[in-house]
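Step one of this worksheet: look at the structure below.
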Amino acid sequence: MNKLKIMLFLSAAAIGILLNGCVKDFSTAVDPAAPMATGTQSLATTVKSLPGYIFITKDSVLTYQLRATNAANLSSVSVELYSDSYLIQTAELYDDGKSIHGDTVAGDSLFTGIGNLSTSMPNGTYRVVYKLTMLNGLENICAEQSFFFIGKNTAPVISNFTCSIPDTIVVNDNIPFLFTLKVSDADGAKDIVSVPIEVVQASGDPLLLYLMDDGQFKDATAHDGIYSLGLAFGPENTKGTYHFKFYAKDRAGAHSDTLKHDITLQ
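All the letters of the sequence shown, read from the start, carry residue numbers 69 to 334 under the working numbering.
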């Protein structure tokens with residue numbers, strides 16, 4: 069075999085697909101988070117789809133829109149913006165034709181509101197909850213949406229690289245070894261999505277591996293910022309130099325500097 073042997077099976081963490089920033093048409097079917105309260109069944113609503121991924125480089129606004137039938141039964145429409153389980157912002161939606169609210173035509177049953185996005189907000193998934201208040205005082209959640217937000221972003225930093233075997237070795241039997249790398253990110257540990265290793269083997273074949281910080285296999289402690297990967301060379305590996313390139317990647321796609329390391333088999 070010409071391929072580098074993986075001593076312990078390590079699967080890469082799944083990376084969610086981020087949607088593009090295009091705003092879609094109004095949703096044709098919005099599932100409420102809870103059944104509509106008595107007296108609100110006759111009020112049908114749809115909300116304008118938000119981008120699945122929002123990246124900003126300066127403080128910006130986010131426009132919410134909800135279209136309602138039988139809007140005369142409504143007292144108010146509002147949204148709540150959550151980061152994780154924390155409520156961080158509320159906004160009222162209006163159908164008054166006032167530009168300050170983002171609304172263009174009064175009385176057309178299209179309710180519009182403005183939210184604020186700041187680069188100081190933490191990166192991550194945000195949840196938008198749309199709430200209706202009826203003239204009779206009943207309140208209900210009619211729809212929810214979510215988006216992935218990136219504000220101020222700092223690339224990850226890698227340091228303290230170690231390899232448990234010398235740069236040049238003679239292979240007569242299986243030789244296990246361990247890579248470790250410290251990874252930090254000013255935006256928090258959760259901002260780090262992967263720590264890849266791009267390998268060019270002595271045979272010339274490329275190989276993509278990942279360091280992990282999950283406390284399993286050869287990683288000593290989970291979530292301590294030290295990423296590890298255990299591998300092994302054996303007599304079946306092609307003699308020559310193996311080129312390793314290490315880096316870290318965050319949720320905004322920013323990469324750390326790269327670190328290169330070579331190991332030669334004789």
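Just so you know, even glycine gets a beta-carbon here, dropped at the ideal spot from N, CA and C.
Beta-carbon proximity list for residue 313, same chain, < 6 Å, skipping 5 on both sides: 266, 326 and 328
Going by DSSP in three states, residue 258 sits in which element: helix, strand or coil? helix
Three-state class that DSSP yields for residue 323 in the structure shown: strand
Beta-carbon separation of residue 170 and residue 180 under 8 Å? yes
Residue 219, buried or exposed, once every other Cβ within 10 Å from all chains shown has been counted against 16: buried
Consult DSSP for residue 211 and reduce its assignment to one of helix, strand or coil. strand
Backbone secondary structure at residue 316 - three-state DSSP: coil
Pick from 178, 183, 174 and 144: whose alpha carbon is nearest that of residue 199? 144
What residues match up with residue 148 in a beta bridge as DSSP calls it? 158 and 197
In angstroms with no decimal places, state the Cα-to-Cα distance between residue 89 and residue 178. Here residue 89 scores only 29 on pLDDT, less than 50, and its place in the model is too uncertain to base an answer on.
So is residue 234 buried or exposed if we call it buried at 16+ other beta carbons inside 10 Å? exposed
Which residues does DSSP pair with residue 308 in a beta bridge? 333
Contact belief for residue 249 with residue 295 at Cβ below 8 Å, rounded distance in angstroms: 5 Å
From this set, 164, 272 and 185, which residue's C-alpha is nearest residue 176's C-alpha? 164
Spell out a yes or no on whether the segment 272-281 and the segment 213-232 are touching, meaning 3 or more CB-CB pairs, one atom from each, closer than 8 Å. no
Please report the distance separating the alpha-carbon of residue 159 from that of residue 194. 15 Å
In terms of residues, what are the limits of the beta strand (DSSP E) holding residue 136? 128-136
3-residue-minimum beta strand (DSSP E) runs that sit fully inside the segment 272-303, ordered along the chain: 274-279 and 294-301
Residue nearest to residue 130 in terms of C-alpha spacing, selected from 215, 323 and 209: 215
Residue 225: first and last residue of the uninterrupted beta strand (DSSP E) it sits in: 225-231
Coarse secondary structure for residue 112, derived from DSSP in three states: coil
Determine the closest residue to residue 283 out of 273, 297 and 270, with distance taken between C-alpha atoms. 297
Would you call residue 91 buried or exposed, if buried means 16 or more other Cβ atoms sit within 10 Å of its Cβ? With a pLDDT of only 33 at residue 91, under the threshold of 50, the placement of this residue in the model should not be trusted, and no figure is reported.
Taking residue 350 as the reference, which of 241, 242, 243 and 262 has the closest Cα? Since the first and last residues shown for the chain are 69 and 334, residue 350 lies out of range.
Under 6 Å Cβ to Cβ from residue 128, same chain only, skipping five residues before and after it: list those, please. 185
Using the Cα positions of residue 150 and residue 140, report the straight-line distance between them to the nearest angstrom. 29 Å
Please classify residue 124: does DSSP put it in a helix, a strand, or coil? coil
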